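Numbered according to my numbering, the sequence shown terminates at residue 625, and the numbering increases by one at each position without gaps.
Here a beta-carbon is modelled for each residue, glycine too, at the ideal position from N, C-alpha and C.
Only a predicted model underlies this, so the values are computations on that prediction, with no experimental measurement involved.
Here's the structure, in structure tokens; my notes come after.
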Amino acid sequence: MWLLQAVFIIIVPLCFAQTLTNNNYVYTRFNLVLFFIVLSVVAGLRISSPDYENYFTYFNLLSGGADFKEINIVAPDPVFAYINYGLSYLWKDPVVLFMTFSILSVGLNLKCFKDYSPYFFLCILMYVSHTYVAREMMQIRAGLSCAICLYSIRYILQRKILIFALLILLASSIHLGAIIFSCSYFIGNLNSSKKKIILILLASFCVAVIFPLGAVLKSLPNIDALSRVQYYSNSTYGVSSGVFNNLVIIKGLVIIALMLSYHEELCKCSKYYLVSFNLYVFSVVWYLLWNDFEIVAARIATFFSITEVLLLSYIPLLAKNKINKILCTIGIVLIAAIIFSLNQITGKWDDVILPFYDFWEY
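So, in structure tokens, the structure goes:
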């Protein structure tokens with residue numbers, strides 16, 4: 264992971280430079296292009312990761328003329344299959360698939376960070392600390408679908424429901440789970456009081472502890488419409504992730520508590536704050552309600568937690584002077600460093616092998 268550690272370290276001073284000085288358009292554009300190239304290449308040329316072999320085999324089967332509906336290695340989402348078909352005509356090596364998805368996903372994410380936050384290097388830092396590896400190197404279908412969903416947020420604010428719907432249709436044809444993001448059009452513009460948000464979280468917490476919803480789904484008879492979900496009921500993907508020992512839930516609740524402390528001020532600082540906050544609250548609520556069915560909790564929550572990197576980048580907007588901006592930036596950098604370290608210490612990235620991984624052996 265030395266390559267990713269180097270990228271993380273390089274981003275840190277850029278975060279401080281951006282929060283303390285006026286942005287120079289050419290300078291930031293140059294850095295964005297540079298990080299786009301680096302992050303795309305690192306993800307696209309990775310040597311191994313979870314699901315890597317499945318996508319590798321899937322591409323080779325489709326390039327050989329197999330029907331995607333008859334292959335059970337990867338879920339039969341049509342656009343993903345047709346992308347594989349199309350790319351196989353250009354190049355028979357599966358690396359073209361990984362490079363294409365990394366370029367599209369990284370590009371869309373960086374574009375959104377630039378558009379949605381004045382401190383987009385903080386967004387990139389948070390992105391590299393967790394979701395970059397999880398989505399662009401492991402679950403590439405979910406990664407691109409999440410990137411499309413993140414891009415669609417602008418149309419929630421603009422209330423352009425047709426464009427939004429088309430983007431969600433595209434995202435869900437790559438990963439079916441993205442279809443639930445369609446409800447974000449209605450969730451995004453809600454302006455609930457702090458009291459109501461706290462009550463919703465408390466109610467969700469009670470359900471999570473007493474009778475989480477996964478138990479209901481697991482008790483149902485086999486239903487064709489739910490077959491893709493029920494398939495995981497008796498597997499390791501259907502186990503409980505817990506509540507009190509679940510770092511994802513704890514992290515989410517801490518971030519929500521921090522945002523609620525300055526909720527009114529942050530609403531005035533950025534037009535994208537409220538929609539980002541609402542979607543993030545929904546992701547935590549969903550995770551709580553379905554904590555006893557890990558894959559349902561995580562796969563759906565991930566589409567709404569895409570705004571996590573944005574929320575923390577808004578904190579320096581509250582600072583009235585440079586000293587406070589430095590302190591805010593230090594706090595966010597420390598959070599990113601802790602998340603980055605935990606992902607390595609807990610072994611979540613153990614199966615990810617990056618290009619040039621053995622560089623130091625020579």
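Of the listed residues Gly505, Leu324, Ser456, nearest to Ile473 (C-alpha basis): Counting from 1 along the sequence shown, the entry for residue 473 is found at position 210. The option with the nearest alpha carbon to Ile473 is Gly505.
Opposite Ile616 in the DSSP bridges: which residues? Within the sequence shown, the letter at position 353 stands for residue 616. Ile616 pairs with Ser311.
Spatially closest choice to Val305 from Thr320, Val396, Phe384, Ile334, by CA coordinates: As a position in the sequence shown, residue 305 is number 42, starting the count at 1. For the residues Thr320, Val396, Phe384, Ile334, the minimum Cα distance to Val305 belongs to Val396.
Selection from Ser365, Thr565, Gly515, Leu302 that minimises the alpha carbon distance to Ile443: Here residue 443 corresponds to residue number 180 of the sequence shown, with the count starting at 1. Nearest option by C-alpha distance: Thr565.
Quick check on Asp378: does DSSP put it in helix, strand or coil? Translated into the one-based positions of the sequence shown, residue 378 becomes position 115. Note: Asp378 maps to helix in three-state DSSP.
At which residue ranges does the segment 413-464 contain complete alpha helix (DSSP H) runs of 4 or more residues, listed in the order of the chain? 424-437, 447-450
Just how far apart, CA to CA, sit Ser311 and Met362? Residue mapping note: residue 311 aligns to position 48 of the sequence shown, counting from 1. Residue mapping note: residue 362 aligns to position 99 of the sequence shown, counting from 1. Using only the alpha carbons, I get a separation of about 13 Å.
Since I believe Ile336 is in contact with Asn317 (beta carbons under 8 Å), could you give me their beta-carbon distance rounded to a whole number of angstroms? By 1-based counting over the sequence shown, the position of residue 317 is 54. By 1-based counting over the sequence shown, the position of residue 336 is 73. Their Cβ separation, rounded to whole angstroms, is 5 Å, which keeps Asn317 and Ile336 in contact under 8 Å.
Can you tell me whether Tyr352 is buried or exposed? The criterion is at least 16 other CB atoms within 10 Å of its CB, across all chains shown. To locate residue 352, count along the sequence shown from 1; it is residue 89. So Tyr352 counts as exposed.
Can you find a C-beta in chain E that's less than 8 Å from the C-beta of Tyr348? Looking at the structure shown, chain E is missing, and only one protein chain is on hand.
Go ahead and label Pro579 buried or exposed: buried means 16 or more other beta carbons lie within 10 angstroms of its beta carbon, across all protein chains shown. Locating residue 579 in the sequence shown gives position 316, counting from the first residue. Flag for Pro579 reads buried.
Less than 8 Å between the C-beta atoms of Pro341 and Met401, yes or no? Translated into positions along the sequence shown, residue 341 becomes position 78. Translated into positions along the sequence shown, residue 401 becomes position 138. Result no, Cβ atoms of Pro341 and Met401 do not sit closer than 8 Å.
According to DSSP, is Gln402 helix, strand or coil? As a working note, residue 402 is residue 139 in the sequence shown. Three-state DSSP puts Gln402 in coil, outside helix and strand.
Selected residue, minimal CA-CA separation from Ile601, among Phe298, Leu542, Leu516, Leu388: Along the sequence shown, read from residue 1 onward, the residue named residue 601 stands at position 338. Cα-wise, what sits closest to Ile601 is Leu388.
Curious, which full-length alpha helix (DSSP H) runs of at least 4 residues does the segment 559-599 contain? 571-576
Alpha helix (DSSP H) containing Ser265: first to last residue? The residue labelled residue 265 in the question sits at position 2 within the sequence shown. The sequence shown places Trp at residue 265, rather than the Ser named in the question. Residues 265-283.
Spatially closest choice to Arg644 from Lys377, Arg398, Ser326, by CA coordinates: Lying before the first or after the last residue shown, residue 644 is absent from the chain, which here runs from 264 to 625.
Check Leu350 in the structure and name its three-state DSSP category. On the sequence shown, residue 350 is found 87 positions in, with the first residue counted as 1. Residue state, collapsed to three classes: helix.
Status (buried if at least 16 other CB within 10 Å, exposed otherwise) for Phe384: Taking the first residue of the sequence shown as position 1, residue 384 is located at position 121. It counts as buried.
At which residues does the alpha helix (DSSP H) containing Asn541 begin and terminate? Counting from one through the sequence shown, the residue named residue 541 turns up at place 278. Residues 536-552.
Taking the Cβ atom as the reference point for each residue, do Leu407 and Leu367 lie within a distance shorter than 8 Å? In the sequence shown, the residue the question calls residue 407 occupies position 144. In the sequence shown, the residue the question calls residue 367 occupies position 104. For Leu407 and Leu367, yes; Cβs fall inside 8 Å.
According to the neighbour-count rule (16 or more other Cβ atoms, all chains shown, within 10 Å of its Cβ), is Val559 buried or exposed? To locate residue 559, count along the sequence shown from 1; it is residue 296. Under this definition Val559 is a buried residue.
Neighbourhood of Lys534 by C-beta distance below 8 Å, restricted to the same chain and skipping five residues each side: In the sequence shown, the residue the question calls residue 534 occupies position 271. Contacts found: Leu420.
What three-state label does DSSP hand Ala329 in the structure shown? Numbered from 1 along the sequence shown, position 66 holds the residue referred to as residue 329. Coil at Ala329, not helix or strand.
Please return the same chain residues whose Cβ sits closer than 7 Å to the Cβ of Met522, not counting the five positions on each side in sequence. The sequence position of residue 522 within the sequence shown is 259, counting from 1. Here the set comprises Leu529, Phe540, Leu574.
Work out the CA separation of Ile426 and Leu360 for me, nearest whole Å. On the sequence shown, residue 360 is found 97 positions in, with the first residue counted as 1. On the sequence shown, residue 426 is found 163 positions in, with the first residue counted as 1. For Leu360 and Ile426, the distance between alpha carbons rounds to 26 Å.
Would you call the segment 582-592 and the segment 367-380 touching, i.e. three or more CB-CB distances under 8 Å? no
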